[in-house]
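Q: Residue numbers (this note's numbering): 3 to 373.
Just so you know, even glycine gets a beta-carbon here, dropped at the ideal spot from N, CA and C.
Sharing a structure here in structure tokens format.
As structure tokens, then:
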């Protein structure tokens with residue numbers, strides 16, 4: 003039987019967008035296998051993980067630890083992983099992949115290292131530009147997370163867009179989680195008295211303009227801005243935020259899913275001002291949790307949010323401030339966005355992406371008898 007290996011590097015990394023995608027896809031694939039649906043049972047599935055990792059709880063996919071003596075996750079992925087996966091097809095879901103893998107499908111989440119180079123440090127940007135170009139030549143298949151990213155990657159790498167498969171993100175990971183209100187109690191956050199921003203401290207997340215817009219509209223008023231997310235100096239270039247934070251702004255570097263669900267449920271709205279996103283998962287999560295969304299009208303955001311968000315120009319502090327003011331002042335607008343958001347979030351499901359992946363692999367003769 004054919005063996006399909008999955009790159010488990012994500013299970014040893016902090017949980018950000020690409021790791022969430024990998025975890026969601028692996029769990030959804032495992033559920034397909036458990037139910038015996040579609041083409042999943044045409045292969046043996048193995049998740050290859052670094053030692054001391056925390057893989058998702060799986061019922062069918064085998065979990066195997068490899069490469070315990072390597073000094074870093076980068077060396078693990080580039081050396082141990084392709085060796086362990088040499089007898090089958092390797093799937094990588096979290097943005098990077100080994101150059102030496104003989105047969106692999108890689109997921110490139112966006113073309114930001116080409117389109118937004120100033121956002122990243124020189125070493126990170128150079129490596130990923132080289133890696134993406136190499137994978138475009140050598141991989142058996144490429145995946146991405148939106149039609150926007152499909153078009154930008156194809157244009158950048160000189161490919162026909164149709165050769166890049168599109169698998170969206172989902173938000174079902176919140177479905178069976180009980181909301182934890184502990185952070186609201188700890189920081190004195192009353193329901194309906196704060197705006198929420200979720201994302202890393204990358205300059206591309208545009209948080210400095212968001213903070214300026216908040217101060218412009220709400221300084222001295224009984225409204226707060228809660229910002230969830232941390233930074234990574236090895237990846238991002240420059241400072242995403244001013245050196246000092248106003249008293250009305252609460253910054254939380256790390257929260258649990260249960261705590262984040264509570265923050266979504268009780269916020270006035272999620273404000274998502276990114277200048278560039280390959281997908282943009284927090285708006286879909288917010289919609290799933292019943293939180294109104296105001297979002298940038300740039301990159302993949304209109305594709306992902308559809309008619310379920312209040313859009314603004316992310317380069318304009320005044321436009322961001324006006325959107326926030328409308329969401330605070332217009333309860334009917336918030337209710338309309340909640341209703342539309344519920345329907346829109348239902349269109350983004352890990353289970354649908356897992357099923358689409360099966361058909362995509364089969365159509366390219368990478369899964370099943372032809373493989």
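(1) Report the three-state DSSP secondary structure of residue 151 (helix, strand or coil).
(2) Report, in whole angstroms, the separation of the C-beta atoms of residue 106 and residue 94, which I expect to be a contact under 8 Å.
(3) Starting from residue 64, follow its DSSP beta bridges and name the residues at the other end.
(4) State the CB to CB distance for the pair residue 311 and residue 297, rounded to an integer number of angstroms; the pair is presumed to be in contact (CB under 8 Å).
(5) If you draw a straight line from the C-alpha of residue 188 to the C-alpha of residue 207, how long is it?
(6) What first and last residue would you give for the beta strand (DSSP E) that runs through residue 266?
(7) So what does DSSP say about residue 130, is it helix, strand or coil?
(8) Specify, as a first and last residue, the run of the alpha helix (DSSP H) that residue 29 falls within.
(9) Any contact of the region 12-26 with the region 333-350, i.e. 3+ C-beta pairs under 8 Å?
(10) Per DSSP, what kind of secondary structure is residue 317 in: helix, strand or coil?
(11) Counting Cβ pairs closer than 8 Å, one from the region 259-277 and one from the region 138-147, do we hit at least three?
(12) Here's a check: name, in chain order, each residue in its chain whose Cβ is nearer than 7 Å to the Cβ of residue 184, leaving out the five neighbours to either side.
(13) With a threshold of 16 other CB atoms inside 10 Å of the CB of residue 247, please say whether the residue is buried or exposed.
(14) In whole angstroms, what separates the C-alpha of residue 72 from that of residue 78?
(15) Taking residue 299 and residue 313 to be in contact with their CB atoms under 8 Å, please state how far apart those CB atoms are, rounded to whole angstroms.
(16) Quick check: the Cα distance between residue 66 and residue 75, rounded to an integer number of angstroms?
(17) From residue 282 to residue 194, what does the alpha carbon distance come to, in whole angstroms?
(18) Can you give me the start and stop residues for the beta strand (DSSP E) that residue 91 sits inside?
(19) Name, in chain order, the residues that DSSP records as bridge partners for residue 274.
(20) Secondary structure at residue 12, three-state DSSP: helix, strand or coil?
(21) Nearest to residue 171 by alpha carbon, out of 303, 367, 316?
(22) Pick helix, strand or coil for residue 340, following the three-state DSSP scheme.
A: Quick look at the numbers:
(1) Of the three classes helix, strand and coil, the one that applies to residue 151 here is helix, per DSSP.
(2) The pair is a contact, with the Cβ atoms about 7 Å apart (cut-off 8 Å).
(3) Under DSSP, residue 64 shares a beta bridge with 48.
(4) Right, their Cβ atoms sit about 4 Å apart.
(5) Straight-line measurement puts the Cα of residue 207 at about 27 Å from the Cα of residue 188.
(6) DSSP places residue 266 outside any beta strand (DSSP E); the residue lies instead in the alpha helix (DSSP H), whose first and last residues are 259-268.
(7) Helix at residue 130.
(8) That run of the alpha helix (DSSP H) goes 19-37.
(9) Output reads no: the region 333-350 does not touch the region 12-26.
(10) The answer is coil: DSSP assigns residue 317 none of H, G, I, E or B.
(11) In short, these stretches do not touch, since the Cβ pair count stays below three.
(12) The beta carbon of residue 184 lies closer than 7 Å to those of 261 in the same chain, with the five residues before and after it left out.
(13) When all chains shown are included, residue 247 counts as exposed.
(14) Distance between the alpha carbons of residue 72 and residue 78: 6 Å.
(15) Between residue 313 and residue 299 the Cβ distance is about 4 Å, and since that is below 8 Å, they are a contact.
(16) Near 16 Å, if we compare the C-alpha coordinates of residue 75 and residue 66.
(17) Each residue's alpha carbon lies about 23 Å from the other.
(18) Residue range 91-94 is occupied by the beta strand (DSSP E) that includes residue 91.
(19) Answer is 297.
(20) DSSP places residue 12 in helix when its eight states are reduced to three.
(21) With respect to the C-alpha of residue 171, the residue from 303, 367, 316 having the closest C-alpha is 303.
(22) Look at residue 340 here: in three-state DSSP terms it is helix.
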